[in-house]
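**Q** The structure follows.
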Amino acid sequence: EDQVTQSPEALRLQEGESSSLNCSYTVSGLRGLFWYRQDPGKGPEFLFTLYSAGEEKEKERLKATLTKKESFLHITAPKPEDSATYLCAVQAAGNKLTFGGGTRVLVKP
Amino acid sequence: GAVVSQHPSRVICKSGTSVKIECRSLDFQATTMFWYRQFPKQSLMLMATSNEGSKATYEQGVEKDKFLINHASLTLSTLTVTSAHPEDSSFYICSARGGETPGPADTQYFGPGTRLTVL
Chain R
1 EDQVTQSPEA LRLQEGESSS LNCSYTVSGL RGLFWYRQDP GKGPEFLFTL
51 YSAGEEKEKE RLKATLTKKE SFLHITAPKP EDSATYLCAV QAAGNKLTFG
101 GGTRVLVKP
Chain S
110 GAVVSQHPSR VICKSGTSVK IECRSLDFQA TTMFWYRQFP KQSLMLMATS
160 NEGSKATYEQ GVEKDKFLIN HASLTLSTLT VTSAHPEDSS FYICSARGGE
210 TPGPADTQYF GPGTRLTVL
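Below is the structure:
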């Protein structure tokens, strides 16, 4: 059974204080690892897809990396608007995504 | 690009009534749509997967007679919660995948969600 574990559950940062979120996964035959951002009361917003170990993707202050066992989402010099829950999900064979529990990030000014 | 809408955004109903939620892909054709449920401070739980023109595939523990899913076209899927009870109150989110979207292949794009409250 596919499993995804995200840590920490919650993260409080000062504006400008860089940090990393972890997503550890166990899956047979990874087809893709996805990062989403979710604001309260809204649906997830797509950020990145990573397909193979060593791959990296960047978007503004966010950078996602992938190894064979885990993925990291690095937030560089965060701003208050980066406050959200960040969700990691994996896709193995088939269409289904298996989500982690998410990391709630709060960036204080 | 890759916009998914849901309607309604909020619904309050009495116990025993049925509620229909619509999910539309606005600028792409969704060969596959998914329905999720999310409880407060928890992650998304997949309820079912539907492909256009065929029956939905439900996850273990999800009652198919209670949560009716119809994927009648490449841009529309509906979820009907039949004989709703307070324990069905939750945040329901759909996603869509397929066609020519700006993101990588296999990416699911999510709707804004529907908050269902059953009194």
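Order-wise, the sequence lines are chains R and S.
For the first sequence, this note's numbering assigns the number 1 to the initial residue and increments by one for each residue that follows.
For the second sequence, this note's numbering assigns the number 110 to the initial residue and increments by one for each residue that follows.
Beta carbons are placed, not taken as given, at the ideal position from N, Cα and C, and that holds for glycine.
Note that the coordinates shown come from a computational prediction; the quantities given were computed from them, not determined experimentally.
State the DSSP-derived secondary structure class of Glu56 (chain R), mapped to helix, strand or coil.
**A** Locating residue 56 (chain R) in the first sequence gives position 56, counting from the first residue. Here Glu56 (chain R) sits in strand by DSSP.
**Q** Whose CA, out of R:Gly100, R:Ser18, R:Glu1, lies closest to the CA of Gln147 (chain S)?
**A** Position 38 of the second sequence, counting from 1, holds the residue named residue 147 (chain S). If we check each option's Cα against that of Gln147 (chain S), R:Gly100 comes out closest.
**Q** When the distance is taken between beta carbons, is Ser186 (chain S) closer than 7 Å to His180 (chain S)?
**A** If you number the second sequence from 1, residue 180 (chain S) lands on position 71. If you number the second sequence from 1, residue 186 (chain S) lands on position 77. Yes, Cβ-Cβ distance for His180 (chain S) and Ser186 (chain S) is below 7 Å.
**Q** Under the three-state reduction of DSSP, which class applies to Glu131 (chain S): helix, strand or coil?
**A** For the purposes of this step, residue 131 (chain S) is taken as residue 22 along the second sequence, with counting starting at 1. Three-state DSSP puts Glu131 (chain S) in a strand.
**Q** Can a CB atom of chain R be found closer than 7 Å to the CB of Ser186 (chain S)?
**A** One-based indexing of the second sequence puts residue 186 (chain S) at position 77. So no, Ser186 (chain S) is outside the interface.
**Q** Tell me, which residues are paired with Asn148 (chain S) by DSSP?
**A** As a first step, residue 148 (chain S) is located in the second sequence; it is residue number 39 there, counting from the start. Just to set this straight, residue 148 (chain S) is Phe in the shown sequence, not Asn. Per DSSP, none; premise fails for Phe148 (chain S).
**Q** Bridge partners for Lys68 (chain R) per DSSP, in chain order?
**A** As a working mapping, residue 68 (chain R) is identified with position 68 in the first sequence. Answer is none; Lys68 (chain R) lacks a bridge partner.
**Q** Opposite Lys108 (chain R) in the DSSP bridges: which residues?
**A** Working through the first sequence from its first residue, we reach residue 108 (chain R) at position 108. Answer by DSSP bridge pairing, in chain order: R:Gln14.
**Q** Could you give the residue range of the beta strand (DSSP E) that holds Leu21 (chain R)?
**A** Your numbering for residue 21 (chain R) matches position 21 in the first sequence. Unbroken beta strand (DSSP E) run through Leu21 (chain R): 19-26.
**Q** Would you mind working out which of S:Met142, S:Val120, S:Leu135 sits nearest Gly162 (chain S), comparing C-alpha positions?
**A** Taking the first residue of the second sequence as 1, we reach residue 162 (chain S) at position 53. Among S:Met142, S:Val120, S:Leu135, the Cα nearest to that of Gly162 (chain S) belongs to S:Met142.
**Q** Roughly how many angstroms lie between the CA atoms of Lys57 (chain R) and Lys123 (chain S), to the nearest whole one?
**A** Numbered from its first residue, the first sequence carries residue 57 (chain R) at position 57. Numbered from its first residue, the second sequence carries residue 123 (chain S) at position 14. Roughly 47 Å between the two C-alpha positions.
**Q** Starting from the Cα of Asn160 (chain S), find the closest Cα among S:Trp144, S:Glu196, S:Lys150 and give me that residue.
**A** One-based indexing of the second sequence puts residue 160 (chain S) at position 51. That would be S:Trp144, whose Cα lies nearest to the Cα of Asn160 (chain S).
**Q** When you compare the CB of Thr140 (chain S) with every CB in chain R, is at least one pair closer than 7 Å?
**A** The residue given as residue 140 (chain S) occupies position 31 in the second sequence. Answer no: the Cβ-Cβ gap between Thr140 (chain S) and chain R never drops below 7 Å.
**Q** Give a yes or no on whether 7 Å exceeds the smallest Cβ distance from Thr49 (chain R) to chain S.
**A** Residue 49 (chain R) sits at position 49 when you count from the first residue of the first sequence. Chain S contact via Cβ: present.
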